[in-house]
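Q: One structure coming up, written as structure tokens, with questions to follow.
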Amino acid sequence: MTERTSPSESALVEPALTGSTRPDTIRADTIRIRAGFELHFELTQPTPMLFVVEPTERPGQRILAARKRVSPDLPLSETSSFIDIYGNTVWRIQAPAGRLEVAHDLLMEVSAHKDPVIGHLPKTPIEALPGNLLHYLLPSRYVDSDLISSEAWRLFGDIYGGWAQAQAVCDHLQATLQYGAGSTSSTSAREAYQSGYAVCRDFAHAGVAFCRALNLPARYVCGYLPDIDVPPDFRPMDFHAWFEVWLDGAWRTFDARHNFPRVGRILIATGRDASDVAFNTAFGSSVLAHMKVWADETEATELPPLSEGFPQTPTVEGLRLSEAWVDRPRLT
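So the sequence shown is numbered by this note's numbering: it starts at 191 and just counts up by one.
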């Protein structure tokens, strides 16, 4: 998941790229992304489960093809979906005891352009905010914005402009937090911030917390983020988290984890924090035995035949292989 009086230069500088790149000014308006996941669970007893994993069509993203796989096959009465209070699609499954496999394969059309940077956008006074946005100013399960309010105003209170404040938050988190595991599923924004270590979920929670403390409505976002026009990464792909701030009548994208404009985001769901958009909630004991996520730019116009199955690691989907990793010395 900056500027103080104008957009920060550092927020607009991207790392050195490898391979071919396409200047943003000449690329097509849209690109296609193949995205999806495989999840395998081990269940000791029948367990009701919820999944928040399905993107919806919205401005900037369109579903060209999609298929869902649940194994073992379940009766229709034991699988359904609904729209939650935030507009997210939620799958509801009554899973039997044993091994459960859930997978989704998507072909998406998204904007080919980088995240917009609109540094002059003002902060909307609280009295002018729509009533349905006011709860995005309040603390929530993982966003303890009330506990970092003094720190937020000390660091950013003298910055003028809504975008400028939000971007200053991203710059500060990028400079302060080291990317790395140090949190758990129960770690709050303040705890992650004080630890000095963060994964994308923590960066997003901290960004939301600081913005809410500054009276900027902010919400947590989960989705896919392919590696487009960035150095290749050997680590297995995962879902990604960033955040959005309400500025000048719309939700605007901020990503404190990367802190520079990216291409190809696919938004799955939004909420107050990760508790609202957890990719899986099990109402009972469950073990996640396998997880694979992929999101890659593609020229394909349709999904491959089912006979070819879902992508299997190692492929370009789900395992981002750098040249250095491929050519690394092997142990014998």
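No residue lacks a Cβ here, since even glycine has one placed at the ideal position from N, Cα and C.
Is the beta carbon of C390 closer than 9 Å to that of W441?
A: Residue 441 sits at position 251 when you count from the first residue of the sequence shown. Residue 390 sits at position 200 when you count from the first residue of the sequence shown. Contact: no.
Q: Within the same chain, show all residues whose beta-carbon is closer than 6 Å to that of L327, passing over the 5 residues directly before and after it, in chain order.
A: As a first step, residue 327 must be located in the sequence shown, where it is residue number 137. Closer than 6 Å at Cβ, skipping near neighbours: R402, P407.
Q: Which residues does DSSP pair with Q368 in a beta bridge?
A: As a first step, residue 368 is located in the sequence shown; it is residue number 178 there, counting from the start. In DSSP, Q368 forms a bridge with Y387.
Q: Determine the direct distance from the alpha carbon of A255 to that of E247, and round the result to whole angstroms.
A: Reading the sequence shown from its first residue, position 57 is the one you call residue 247. Reading the sequence shown from its first residue, position 65 is the one you call residue 255. Computed Cα separation, rounded: 12 Å.
Q: Under the assumption that P245 contacts L404 (Cβ atoms under 8 Å), give the Cβ distance between them as a whole number of angstroms.
A: Here residue 245 is taken as the residue at index 55 of the sequence shown, counted from 1. Here residue 404 is taken as the residue at index 214 of the sequence shown, counted from 1. Rounded, the Cβ-Cβ distance is 30 Å, inconsistent with contact.
Q: How long is the line joining the alpha carbons of T215 and A302, rounded to whole angstroms?
A: Here residue 215 refers to the residue found at position 25 when the sequence shown is read from its first residue. Here residue 302 refers to the residue found at position 112 when the sequence shown is read from its first residue. Note on T215: pLDDT 47, under 50, position unreliable in the model; no value is reported.
Q: Over the uninterrupted beta strand (DSSP E) stretch that includes E341, give me the two end residues.
A: In the sequence shown, counting from the first residue as 1, residue 341 sits at position 151. Segment 339-346 is the alpha helix (DSSP H) holding E341; no beta strand (DSSP E) there.
Q: How is Q235 classed by DSSP in three states: helix, strand or coil?
A: Reading the sequence shown from its first residue, position 45 is the one you call residue 235. Coil, per DSSP.
Q: Work out the CA separation of G309 and L437 for me, nearest whole Å.
A: Numbered from its first residue, the sequence shown carries residue 437 at position 247. Numbered from its first residue, the sequence shown carries residue 309 at position 119. Taking the straight line joining both Cα atoms gives about 11 Å.
Q: Within 10 Å of its beta-carbon, does F272 have 16 or more other beta-carbons around it, so buried, or fewer, so exposed?
A: Start at 1 with the first residue of the sequence shown, and residue 272 comes out as number 82. Its Cβ having fewer than 16 others within 10 Å, F272 is exposed.
Q: Is the segment 252-268 touching the segment 474-485 in the sense that three or more CB pairs, one from each, lie closer than 8 Å?
A: No contact exists between the segment 474-485 and the segment 252-268.
Q: How would you label P306, buried or exposed, when you count the other beta carbons within 10 angstroms and need 16 or more for buried?
A: The sequence position of residue 306 within the sequence shown is 116, counting from 1. Looking at its Cβ environment, which holds fewer than 16 other Cβ atoms inside 10 Å, P306 is exposed.
Q: Rounded to a whole number of angstroms, what is the C-alpha to C-alpha distance between S330 and V435?
A: To locate residue 330, count along the sequence shown from 1; it is residue 140. To locate residue 435, count along the sequence shown from 1; it is residue 245. Looking at the two C-alpha atoms, the distance is approximately 16 Å.
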